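A.B. asks: Numbering (my numbering), first residue to last: -1 to 494.
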């Protein structure tokens, strides 16, 4: 029986982790093929054996491994706000983003629209996507979401539950605040009476559950303590871990979602339940961060509240008439989701399995091509040594049709050109190779050799000296030293 491939899924937080749900929905039929492990941030820091995995599945680009491994990105939400290439204040270079995304074998997607937005931000090629839906959204259909919520907050029974999930703005690691929200109260209103609001909730048998972004919790410790004392229920990443839960295992219990610009509402659309928006600093936020989807009014299918009175009225309206914005919700849902069922994990595992099979086949073909190429290169070298330049050129062209151009092929092409008496073309070929394969010893040595062959000793010496800096091959170093001594002698003779 063949050895199982090791699949490593990285678990960054308990606030809607796609890898968490994908791990727990690992299909029985793949268990003889793969050994699957869910790795926490703590394990990632202390366990070097993780590097021995064959497949790496991430949600935040947190583990960029080598291209010979299978690399899969699930990400952590539908992009509403600009990020990386589309974030107006981002300091991450395009090259840094591409360094990660170009080696991805698979990127999970919500829809064609998601592909377009994510590619604008991250530079992903359309062929890298698999539209499957997101594993965490399967949990929105869990039948026991209410009981899981009551396990954390028993007093929520027999009450309508409102979830407030504002977008990420600041953390202890991110000093710049996005937008100009008033942080003296949860909703960012200029005037807010917390005592009045909690009385409003009690009078209408309502409960508010507040969930901040996990990166933001440490920054608002004082406010969180005040809101908790006022009777607002706070879900933190720590509380979820303590109860061995993920946020999406209880999000399905919410009767109403309130947010500003958090992309969680795109997921919540699957349930066709009321959503309220509190865009108190929309203009400033758009200026700081940028929005991928505009106008905001169109893409946010629900009532808007800019002060406490509007919020309280909107909450009551939504509870009494949950279908009020249903047609708008369904419109946005159908634009952002291809699938609205609970089978995303099933589809994604199927895509992952096919992706791994493709990768293994490509690796096998690559290894076979390398062996074939090595044999052909040896034949070409022999033909060059024997002066069979025409045959060497023909064989070289056959090789280029099998594998991509590399430094060794470039060097052989230049040597043939040099032996044919076309030294200028040989040097041009090598310079082009140096641009494609910077500081490769084969190319640098042959550049030096070509210049020496036409008595351009200063240029030859330049490349030989460069070679001394970039190679540790003792035989090559000895040859280079000999050539430099010869060039020095020639220069002295010319001067005398």
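The beta-carbon is built from N, C-alpha and C at its ideal position, and this holds for glycine as well. Treat the numbers as computed from the prediction; the structure is a model and nothing was measured.
Looking at the structure shown, is residue 305 part of a helix, part of a strand, or coil, going by DSSP?
C.D. replies: Coil at residue 305, not helix or strand.
A.B. asks: Would you check if the segment 264 to 284 and the segment 298 to 317 touch, i.e. whether three or more CB-CB distances between them fall below 8 Å?
C.D. replies: In short, these stretches touch, since the Cβ pair count reaches three.
A.B. asks: Measuring only the C-alpha atoms, how far is residue 191 from residue 226?
C.D. replies: Distance between the alpha carbons of residue 191 and residue 226: 15 Å.
A.B. asks: Work out the CA separation of residue 3 and residue 393 for me, nearest whole Å.
C.D. replies: Approximately 38 Å, taken between the alpha carbons.
A.B. asks: Buried or exposed: where does residue 251 fall if 16 or more other Cβ atoms within 10 Å of its Cβ makes it buried?
C.D. replies: Buried is the call here.
A.B. asks: How many whole angstroms separate the CB atoms of residue 121 and residue 105, which I take to be in contact at a CB cut-off of 8 Å?
C.D. replies: That pair is no contact at about 11 Å.
A.B. asks: Identify every run of the alpha helix (DSSP H) within the segment 187 to 261, keeping only runs that are complete inside it and at least 4 residues long; order them along the chain.
C.D. replies: Those alpha helix (DSSP H) runs which fall completely within the segment 187 to 261 and span 4+ residues are 192 to 201, 219 to 227, 235 to 240 and 246 to 249.
A.B. asks: Taking all protein chains shown into account, do 16 or more other C-beta atoms lie within 10 angstroms of the C-beta of residue 359, making it buried, or fewer, making it exposed?
C.D. replies: It counts as exposed.
A.B. asks: Just the C-alpha distance for residue 387 and residue 376, rounded to the nearest angstrom, thanks.
C.D. replies: If you take the alpha carbons of residue 387 and residue 376, they lie about 14 Å apart.
A.B. asks: In the DSSP assignment, the beta strand (DSSP E) including residue 9 goes from what residue to what residue?
C.D. replies: Segment 3 to 9, the beta strand (DSSP E) holding residue 9.
A.B. asks: Look up residue 342 in the DSSP assignment and say whether it is helix, strand or coil.
C.D. replies: It is helical.
A.B. asks: Relative to the C-alpha of residue 206, which residue among 268, 249, 391 and 284 is closest?
C.D. replies: Among 268, 249, 391 and 284, the Cα nearest to that of residue 206 is on 249.
A.B. asks: Sort 356, 193, 409 and 367 by Cα distance to residue 378 and report the nearest one.
C.D. replies: Minimum Cα distance to residue 378 is reached at 409.
A.B. asks: Do residue 163 and residue 255 come within 8 Å of each other at the CB atom, strictly closer than that value?
C.D. replies: Result yes, Cβ atoms of residue 255 and residue 163 sit closer than 8 Å.
A.B. asks: Mark residue 496 as exposed unless 16 or more other C-beta atoms lie within 10 angstroms of its C-beta, in which case mark it buried.
C.D. replies: Because residue 496 is not part of the residues shown, which for the chain are -1 to 494, the question remains open.
A.B. asks: How many Å lie between residue 481 and residue 384 at the Cα?
C.D. replies: The straight-line gap from Cα to Cα measures roughly 24 Å.
A.B. asks: First and last residue of the beta strand (DSSP E) that includes residue 267?
C.D. replies: No beta strand (DSSP E) holds residue 267; DSSP gives it neither H nor E.
A.B. asks: So is the beta-carbon of residue 56 under 7 Å away from any non-hydrogen atom of the ligand NAD?
C.D. replies: Among the components modelled here there is no ligand, and therefore nothing to report on the ligand NAD.
A.B. asks: Is DSSP giving residue 172 helix, strand or coil here?
C.D. replies: Because residue 172 sits at a pLDDT of 47, beneath the cut-off of 50, its placement in the model cannot be relied upon, and the following sentence gives the value as read from the coordinates. In the structure shown, residue 172 sits in a strand (DSSP, three-state: E or B).
A.B. asks: Could you name each continuous alpha helix (DSSP H) segment of 4 residues or more that falls completely within the segment 318 to 405, going from the start of the chain to the end?
C.D. replies: If we require 4 residues or more, the alpha helix (DSSP H) runs fully inside the segment 318 to 405 come out as 324 to 334, 342 to 383 and 387 to 400.
A.B. asks: Which value, in whole angstroms, describes the spacing of the CA atoms of residue 114 and residue 292?
C.D. replies: One C-alpha to the other measures close to 14 Å.
A.B. asks: Assuming the contact rule is C-beta atoms closer than 8 Å, residue 267 and residue 232 should be a hit. Round their C-beta distance to whole Å, please.
C.D. replies: Wrong, their Cβ atoms sit about 25 Å apart, outside the cutoff.
A.B. asks: Kindly indicate which residue of 373, 436, 284 and 396 has the alpha-carbon position closest to the one of residue 86.
C.D. replies: Closest option to residue 86, Cα to Cα, is 284.
A.B. asks: So residue 309 packs on residue 218, CB below 8 Å; how close in whole Å?
C.D. replies: That belief does not hold up - the Cβ atoms of residue 309 and residue 218 are roughly 19 Å apart, past 8 Å.
A.B. asks: Would you mind reading off the limits of the beta strand (DSSP E) that contains residue 53?
C.D. replies: Start and end: 53 to 56.
A.B. asks: Would DSSP call residue 76 helix, strand or coil?
C.D. replies: DSSP places residue 76 in coil when its eight states are reduced to three.
A.B. asks: Among the residues of its own chain, which have a CB less than 6 Å from the CB of residue 81, if the five just before and after it don't count?
C.D. replies: Same-chain partners within the cutoff: 119.
A.B. asks: Since residue 95 is in the alpha helix (DSSP H), which residue starts that stretch and which ends it?
C.D. replies: That run of the alpha helix (DSSP H) goes 92 to 99.
A.B. asks: State the beta-bridge partners of residue 446 as determined by DSSP.
C.D. replies: Residue 446 pairs with nothing; no bridge assigned.
A.B. asks: Can you tell me the Cα-Cα spacing of residue 557 and residue 138, whole angstroms?
C.D. replies: Nothing in the structure corresponds to residue 557, since the chain is present only between -1 and 494.
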